[in-house]
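In terms of the working numbering, the sequence shown is residues 23 to 459. By construction, the Cβ of each residue, glycine as well, lies at the ideal position given by its N, Cα and C atoms. In this text the structure is predicted, and so the values were computed from the model without any measurement.
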Amino acid sequence: MMPKSVGLASTFLAAGILAATAAAAQSEIQVSVVGEPGQTVVYEQLAASYNAEHPETKFVITKNSSDLFNPALIPSLSSGEGPELFVYGTGPGQPAAIIDGGLVADLTGYYRQYGWDKFIPESVVDVTSSKGKLWAVGNEVETTAMFYNKAIFDKLGLKAPSTWEDFQGVIKTLKQAGYETPIGLGGADKWPISHWQSMLFGRYASPAGLQKVMFGGGAWNAPEFVKAATRLQEMTQQGCFGPNPVADGYAEIMEKFWAGKIPMTFTGSFAIQTGVSTAGDRIDDFGVFQVPPFEATQKVYPTEGIGSGWYISASSSHKDEIAAFLNYLLFTPASRVTLLNAGTTPVGPLSEALPKANLPKLTQAMAALNDRDRANGTIYAYLDTVTPNNITTLTYDGLQALLLGQTTPQQFADEIEAVWQTDKADGSILKPGGLKP
């Protein structure tokens with residue numbers, strides 16, 4: 023029989039060898055996200071949970087401000103020293119260099135393997151893919167809707183409108199009650215007007231019509247876009263946005279809205295956290311609804327937009343492990359609840375996660391609205407993030423001029439189309455999206 027002391031020594035030696043082997047076998051994978059150093063982000067929490075369940079890998083989250091990170095990305099990826107997984111922009115110009123340079127991996131196989139098509143809307147796939155391949159997984163989703171003061175509506179016997187006739191009746195009643203600005207706009211800052219433009223263009227053109235002009239042979243001065251611009255100008259002339267819709271900026275409008283001085287405003291889900299802190303105990307006085315169809319034949323298309331996506335470095339030797347981590351991070355039920363609780367809305371349907379999440383009622387209501395109409399298709403929440411910068415500048419100025427009656431809807435659309443054709447010839451627009459069958 024082996025002496026007991028020798029047996030114990032052998033056991034400890036074997037355990038030490040196994041531990042050393044396991045440690046040596048662990049792969050450390052660097053993940054870069056946007057955030058200020060010292061600031062805790064939800065991805066750190068999720069990475070810690072994943073690492074505990076998968077000791078063969080260790081995902082390490084590094085935070086960088088976008089101003090510091092973006093310029094350094096291409097050199098670091100080219101040298102093979104960059105992060106293996108990172109968050110980066112999806113708008114025109116930003117991803118082109120890393121995709122065309124062969125610096126990021128094709129994610130199409132993982133998209134099919136993990137069934138991400140059940141979560142990622144076609145409109146998001148279209149801005150994260152090109153050449154028939156998926157290059158990024160859409161990160162946080164923003165959406166827009168009409169925020170309204172339920173207390174004011176209740177006082178005046180109003181309900182959230184479901185038809186255009188109802189909507190016009192609401193505007194009339196609010197104006198008669200002394201609210202000279204039924205819908206706050208923030209037109210002095212220009213960009214809030216583009217939220218209306220994005221929604222109107224999508225409603226009149228449909229998701230398919232938008233894709234045709236973004237990636238096919240469509241034109242921004244087609245009749246449907248002129249009709250959309252006409253509707254926006256008509257609403258202005260009817261006083262929907264008050265006597266001077268470009269007098270106040272976004273901050274002033276939102277301050278008045280949360281104070282109960284303006285009954286409605288059309289804005290994004292990003293406004294909710296500020297609303298919760300500003301309105302305090304009165305936050306339950308506020309609700310959201312989808313602007314009703316402007317025409318009898320129209321459908322309601324939820325607006326969705328992403329400002330960034332997750333990319334995997336082409337030089338990574340851990341692509342399979344990273345894809346599994348991404349699937350856990352963005353698409354597993356528990357992680358989606360965690361993301362929601364942290365104020366991050368993941369892409370795709372939320373009906374399963376919402377009941378389990380501790381969210382402001384406004385956030386829950388916006389998500390429920392989108393899920394209700396998602397089968398109709400989705401449209402861009404922010405066209406200004408998926409068009410070149412010169413188009414954005416032209417559009418901002420044109421929208422102000424449209425509201426002030428300084429240009430016609432046709433002229434507005436013609437000017438956008440003229441610059442679009444130049445950008446298209448230069449190759450500075452988004453590459454055609456969509457995946458090969």
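Enumerate, from N- to C-terminal direction, the unbroken alpha helix (DSSP H) stretches of 4 or more residues contained entirely within the segment 318-400. Considered as a whole, the segment 318-400 harbours 341-353, 355-363 and 383-395 as its complete alpha helix (DSSP H) runs of no fewer than 4 residues, in chain order.
What do you reckon, are the CB atoms on Phe308 and Ala435 nearer than 8 Å? The residue given as residue 308 occupies position 286 in the sequence shown. The residue given as residue 435 occupies position 413 in the sequence shown. It is not a contact, given that the beta carbons lie outside the stated cut-off.
Note down the Cα distance separating Val313 from Asp393, rounded to an integer number of angstroms. For the purposes of this step, residue 313 is identified with residue 291 of the sequence shown, where counting begins at 1. For the purposes of this step, residue 393 is identified with residue 371 of the sequence shown, where counting begins at 1. Using only the alpha carbons, I get a separation of about 15 Å.
Mind checking who Lys80 pairs with in its DSSP beta bridge? In the sequence shown, residue 80 corresponds to position 58, counting from 1. In DSSP, Lys80 forms a bridge with Glu50.
Beta carbon of Ile305, beta carbon of Glu162: below 8 Å? Residue numbering aside, residue 305 sits at position 283 when the sequence shown is read from its first letter. Residue numbering aside, residue 162 sits at position 140 when the sequence shown is read from its first letter. Against a cut-off of 8 Å, the Cβ pair of Glu162 and Ile305 comes out as no contact.
If you draw a straight line from the C-alpha of Phe108 to the C-alpha of Phe141, how long is it? Numbered from 1 along the sequence shown, position 86 holds the residue referred to as residue 108. Numbered from 1 along the sequence shown, position 119 holds the residue referred to as residue 141. Going from the Cα of Phe108 to the Cα of Phe141 covers about 20 Å.
Report back the beta-carbon spacing between Val126 and Tyr333 to the nearest angstrom; my notes put them in contact at under 8 Å. Numbered from its first residue, the sequence shown carries residue 126 at position 104. Numbered from its first residue, the sequence shown carries residue 333 at position 311. Rounded to whole angstroms, the Cβ separation of Val126 and Tyr333 is 5 Å, and the two are in contact under 8 Å.
Should Asp148 go down as buried or exposed, given a rule of 16 or more other Cβ atoms within 10 Å for buried? In the sequence shown, counting from the first residue as 1, residue 148 sits at position 126. Buried.
Is the Cβ-Cβ distance between Pro113 and Val408 less than 8 Å? Locating residue 113 in the sequence shown gives position 91, where the first residue counts as 1. Locating residue 408 in the sequence shown gives position 386, where the first residue counts as 1. According to the sequence displayed, residue 113 carries Gly and not Pro. Their beta carbons are under 8 Å apart, which means Gly113 touches Val408 by this criterion.
Please determine if the segment 279-296 and the segment 208-222 are in contact, where contact requires at least 3 C-beta pairs separated by less than 8 Å. The segment 279-296, when compared against the segment 208-222, does touch it at the 8 Å Cβ threshold.
Just checking my contact of Leu421 with Tyr65 at CB under 8 Å: how many whole Å lie between their CB atoms? Translated into the one-based positions of the sequence shown, residue 421 becomes position 399. Translated into the one-based positions of the sequence shown, residue 65 becomes position 43. About 36 Å separates the beta carbon of Leu421 from that of Tyr65, a gap too long to meet the 8 Å contact definition.
Kindly indicate which residue of Phe223, Ala241 and Ala230 has the alpha-carbon position closest to the one of Ala251. One-based indexing of the sequence shown puts residue 251 at position 229. Relative to Ala251, the option among Phe223, Ala241 and Ala230 whose CA is nearest is Phe223.
So the beta strand (DSSP E) Ala110 belongs to, where does it begin and stop? Walking along the sequence shown from the start, residue 110 turns up at place 88. Correcting the residue identity first, residue 110 is Tyr in this sequence and not Ala. Boundaries of the beta strand (DSSP E) around Tyr110: Leu107 to Gly111.
Around the Cβ of Asn411, are there at least 16 other Cβ atoms within 10 angstroms (buried) or fewer (exposed)? Here the question's residue 411 lines up with position 389 in the sequence shown. With fewer than 16 other Cβ atoms within 10 Å, it is exposed.
Give every residue of the same chain whose Cβ lies closer than 7 Å to the Cβ of Thr166, excluding the five residues on either side of it in the sequence, and list them in chain order. One-based indexing of the sequence shown puts residue 166 at position 144. Only His217, Met221, Phe288, Thr289, Gly290, Thr325 and Ala403 meet the Cβ criterion.
Can you list the alpha helix (DSSP H) stretches of 4 or more residues lying completely in the segment 198-275, in chain order? Qualifying alpha helix (DSSP H) stretches, in chain order: 213-237 and 245-259.
Alpha-carbon to alpha-carbon, Ser98 and Ala45: Within the sequence shown, residue 45 is the residue found at index 23, counting from 1. Within the sequence shown, residue 98 is the residue found at index 76, counting from 1. Note that Ala45 has pLDDT 47, beneath the 50 cutoff, so the model's placement of it is unreliable and the number below is only indicative. Rounded to the nearest whole angstrom, the C-alpha separation of Ala45 and Ser98 is 27 Å.
Flag this pair as yes or no: are the beta carbons of Tyr136 and Leu156 separated by less than 8 Å? In the sequence shown, the residue the question calls residue 136 occupies position 114. In the sequence shown, the residue the question calls residue 156 occupies position 134. Their beta carbons are not under 8 Å apart, which means Tyr136 does not touch Leu156 by this criterion.
Excluding the 5 residues flanking Thr414 on each side, which residues of the same chain have their C-beta closer than 7 Å to its C-beta? If you number the sequence shown from 1, residue 414 lands on position 392. Cβ within range, chain order: Asp406.
With distance defined between alpha-carbon atoms, name the residue in Pro267, Gly131, Met388 and Ser338 nearest to Phe311. Residue numbering aside, residue 311 sits at position 289 when the sequence shown is read from its first letter. Cα-wise, what sits closest to Phe311 is Met388.
Return the bridge partner residues of Lys155 from the DSSP annotation. For the purposes of this step, residue 155 is taken as the residue at position 133 of the sequence shown. Lys155 pairs with Ser152.
Rounded separation between Val56 and Thr366 - CA only: Locating residue 56 in the sequence shown gives position 34, counting from the first residue. Locating residue 366 in the sequence shown gives position 344, counting from the first residue. Rounded to the nearest angstrom, the two C-alpha atoms are 13 Å apart.
I'd like to confirm the pairing. Which residues does DSSP put opposite Ala167 in its beta bridges? Position 145 of the sequence shown, counting from 1, holds the residue named residue 167. Thr289.
Residue interval of the beta strand (DSSP E) (run including Gly309): Translated into the one-based positions of the sequence shown, residue 309 becomes position 287. If you look at Gly309, you'll find it in the beta strand (DSSP E) that goes Phe308 to Phe311.
Just tell me which of Val63, Gly206 and Gly456 has its CA closest to the CA of Ser265. Numbered from its first residue, the sequence shown carries residue 265 at position 243. Here the sequence assigns Pro to residue 265, which means Ser is not the residue at that position. Nearest in C-alpha terms to Pro265, of all of Val63, Gly206 and Gly456, is Gly206.
DSSP-derived helix/strand/coil call for Lys172: Here residue 172 corresponds to residue number 150 of the sequence shown, with the count starting at 1. Look at Lys172 here: in three-state DSSP terms it is helix.
Under a Cβ-count criterion, where at least 16 other Cβ atoms within 10 Å of its own Cβ denotes burial, should Phe292 be classed as buried or exposed? Counting from 1 along the sequence shown, the entry for residue 292 is found at position 270. Around the beta carbon of Phe292, a 10 Å sphere encloses fewer than 16 other beta carbons of the protein chains shown; the residue is thus reported as exposed.
Below 8 Å, how does it come out for the segment 257-276 and the segment 423-431: are there three or more Cβ pairs, yes or no? Cβ pair count under 8 Å is three or more, so yes.
Quick one, which of Tyr418, Val369, Trp186 and Asn171 has its alpha-carbon nearest Glu317's? Residue numbering aside, residue 317 sits at position 295 when the sequence shown is read from its first letter. Across the set Tyr418, Val369, Trp186 and Asn171, the C-alpha of Trp186 shows the shortest separation from the C-alpha of Glu317.
So is Asn171 buried or exposed if we call it buried at 16+ other beta carbons inside 10 Å? As a working note, residue 171 is residue 149 in the sequence shown. The residue in question, Asn171, is buried, as its Cβ has 16 or more Cβ neighbours within 10 Å.
Short check: CB of Tyr323 to CB of Gly399, under 8 Å? The residue you call residue 323 lines up with position 301 of the sequence shown. The residue you call residue 399 lines up with position 377 of the sequence shown. Taking a C-beta distance under 8 Å as the contact criterion, Tyr323 and Gly399 qualify as a contact pair.
Cβ-based burial, Thr354 [other Cβ within 10 Å; buried from 16]: Translated into positions along the sequence shown, residue 354 becomes position 332. So Thr354 ends up on the exposed side.
Which residues does DSSP pair with Tyr402 in a beta bridge? Within the sequence shown, the letter at position 380 stands for residue 402. For Tyr402, which the question treats as bridged, DSSP gives the partners Glu326.
Please confirm whether Asp122 and Gly208 have their CB atoms less than 8 Å apart. Taking the first residue of the sequence shown as 1, we reach residue 122 at position 100. Taking the first residue of the sequence shown as 1, we reach residue 208 at position 186. 8 Å or more divides the Cβ of Asp122 from the Cβ of Gly208.
Ile83 and Thr203 closer than 8 Å at C-beta: Here residue 83 refers to the residue found at position 61 when the sequence shown is read from its first residue. Here residue 203 refers to the residue found at position 181 when the sequence shown is read from its first residue. One thing to note: Ile83 has its Cβ no nearer than 8 Å to the Cβ of Thr203.
Quickly, what does DSSP pair Val146 with across the bridge? List them, please. Taking the sequence shown and counting its residues from 1, one reaches residue 146 at position 124. Residue pairing from DSSP leaves Val146 without any beta-bridge partner.
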